[in-house]
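Remarks on the structure that follows.
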Amino acid sequence: MNRIIRYFNQNRKKVYISLIIIVFLFGLLQLLNVMAKNKKEEEKDTSGINEIMQNNKSIVSNKSAVSGTSISEKKLKKDTDVIDNFFKYCNEGNIENAYNLLTDECKEEMYPTIDEFKRIYYNDLFSEGKRTYTIENWFGDTYQVRMTGDILSTGKIDGNQTKQDYVTIVEKDGDYKININNYVGRTKPQDKTTSYKNVDITIDEINTYMDYETYTISVKNNTENSILLDTGESTKSVYLLDKNNAKSYFYSNEILKNKLIIQSKYTNKLKIKFASPYSSTKSLKSMVFSKFVLNYEEYQNTEDKSNYEGILSFPVKL
């Protein structure tokens, strides 16, 4: 025992260095084991992606490009099969089959006839020949499709210009259809009528696009006077308000002023477009008419309209 103590005292520095080296090597070994384990799990996670890409080489990833959340292999296959069929039909010039894959609301909003679909969409993208494309989930049921000209089929280098579209999958009764050209879809709210000062405004339907939304509303004037939904003095007087009080303003230049005037005892239907980009997490609470006039004739006869006291704010619940 005394020998051990004496040896330690005489070689204290060497012993400490040896211990430090042993601890370092042990820690390094543990780190390498953890890295090897993580690599195996990563390879396991990506094996499903590789299998999907072997079956359809146009799929970019099994994760949302926006949220990073994984898409199940079953959903990814069903969704991308429909998209793949659509673009295959377009590449083959089978316009009728491609058109039949569109939802009814997409046809109504974008291409009421097959001739319009051919002229507006097909000719713009496929008139130069076939296109190669990649499919990537954006979020939810919406996918980004990036298209480039197929040089082998067109023989033109300038046909290689990249274009993109956002395609949304819609499933109804087991039947899968798509919305294209950045059109996301339509919702028809139930019992969305707000009454104020004997005026009823009903939200009939909402059509959502990637960059904006359009609201079709019915305005019923039960008063004895004509009313004015907006004075037109500002481009920011009609807006959508979300739960965080952020505002999305309307396209004031896309609606005629006479559409905003509702005669006494009449009901007018109008469509209003808002600069409200599509988001799966967005939560809207109201549509606000902040320059609402309850007596249009009185407002018209007022010389100094900036001091008119009859301008009200009409929030419509969403």
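Those letters in the sequence shown? Residues 774 to 1091, by my numbering. A virtual CB, placed ideally from N, CA and C, is assigned to each residue, including glycine.
{"query": "Just the Cα atoms here: how many angstroms apart are residue 965 and residue 878?", "result": "21 Å"}
{"query": "When you compare only the Cα positions, how much space is there between residue 1091 and residue 1002?", "result": "17 Å"}
{"query": "For the putative contact between residue 894 and residue 954, defined by C-beta atoms under 8 Å, what is the C-beta separation to the nearest angstrom?", "result": "6 Å"}
{"query": "Taking only three categories from DSSP, how would you classify residue 852?", "result": "helix"}
{"query": "Compute the Euclidean distance between the alpha carbons of residue 1034 and residue 1078, then round it to the nearest angstrom.", "result": "17 Å"}
{"query": "If we count the other Cβ atoms within 10 Å of its Cβ and call it buried at 16 or more, is residue 1017 buried or exposed?", "result": "exposed"}
{"query": "DSSP puts residue 1062 in a beta bridge; with which residues?", "result": "1011 and 1087"}
{"query": "In terms of residue numbering, what span does the alpha helix (DSSP H) encompassing residue 899 cover?", "result": "896-899"}
{"query": "Note the first and the last residue of the continuous beta strand (DSSP E) segment covering residue 1082.", "result": "Counting along the chain, residue 1082 falls outside any beta strand (DSSP E), and DSSP gives it neither H nor E."}
{"query": "Note down the Cα distance separating residue 1008 from residue 1052, rounded to an integer number of angstroms.", "result": "23 Å"}
{"query": "Whose CA, out of 1030, 979, 948 and 992, lies closest to the CA of residue 968?", "result": "992"}
{"query": "Report all residues from its chain with a CB closer than 6 Å to the CB of residue 1063; omit the five preceding and five following residues, and keep chain order.", "result": "1010 and 1086"}
{"query": "Which residues in the same chain as residue 871 place their Cβ atom closer than 7 Å to its Cβ, once the five residues preceding and following it in sequence are excluded?", "result": "859, 862 and 863"}
{"query": "Going along the chain, which residues of its own chain have a beta-carbon closer than 8 Å to the beta-carbon of residue 906, five neighbours each way excluded?", "result": "831, 860, 918, 919, 920 and 921"}
{"query": "How would you call residue 1039, buried or exposed, if buried means at least 16 neighbouring beta carbons within 10 angstroms?", "result": "exposed"}
{"query": "Quick one: Cα of residue 983 to Cα of residue 910, how far?", "result": "14 Å"}
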